[in-house]
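Residues in the sequence shown are numbered from 234 upward in steps of one, following this note's numbering. Ideal placement from N, C-alpha and C gives every residue a C-beta, glycine not left out.
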Amino acid sequence: MIKNADHITVVVSDLSSAINLFKILGFVQTHTTIIENEPFAKYMNIPNVKADHVTLVLYYGDKEAKPHFEIQLLHFYNPKPKMDSNIHRLEVRI
Numbered sequence: 234m235i236k237n238a239d240h241i242t243v244v245v246s247d248l249s250s251a252i253n254l255f256k257i258l259g260f261v262q263t264h265t266t267i268i269e270n271e272p273f274a275k276y277m278n279i280p281n282v283k284a285d286h287v288t289l290v291l292y293y294g295d296k297e298a299k300p301h302f303e304i305q306l307l308h309f310y311n312p313k314p315k316m317d318s319n320i321h322r323l324e325v326r327i
């Protein structure tokens, strides 16, 4: 049973649009960096990785939500993203 997720990571192809969407939903951008090579390549098991990493934290009004929750966006430069023709078929089964 999950009691409290602290964050989720989402890979996006349009970083600007994704940031704007989460801002509409009450998230505030708190951190932006580029992750590249080690130690990230080893941790993610992706050789020569390079990606934008943006952290957005959920706020209620002018205060951070309790419990803390954040969205971490990844926008890859390397490896190049590949489109999956079956992406519309994602299913969640419980």
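Distance CB(residue i)-CB(residue j) smaller than 9 Å
i      : j      : result
His286 : His264 : yes
Leu289 : Ile252 : yes
Asn311 : Ala284 : yes
Glu303 : Phe260 : yes
Ile300 : Asn237 : The identity of residue 300 in the sequence shown is Pro, whereas the question assumes Ile. Yes, Cβ-Cβ distance for Pro300 and Asn237 is below 9 Å.
Cβ-based neighbour list, residue i, same chain, cut-off 8 Å, excluding 5 preceding and 5 following
i      : result
Ala274 : Pro280, Asn281 and Val282
Tyr293 : Gly259
Asn270 : Asn281, Val282 and Lys283
Sequence-distant residues of the same chain with beta carbon closer than 6 Å to residue i, five excluded per side
i      : result
Ile257 : none
DSSP beta-bridge partners of residue i
i      : result
Asp285 : Ile267 and His308
Glu303 : His240 and Val290
How do the region 303–322 and the region 242–251 stand: do at least 3 beta-carbon pairs fall below 8 Å, yes or no?
Judged by Cβ distances under 8 Å, the region 303–322 makes contact with the region 242–251, as three or more pairs qualify.
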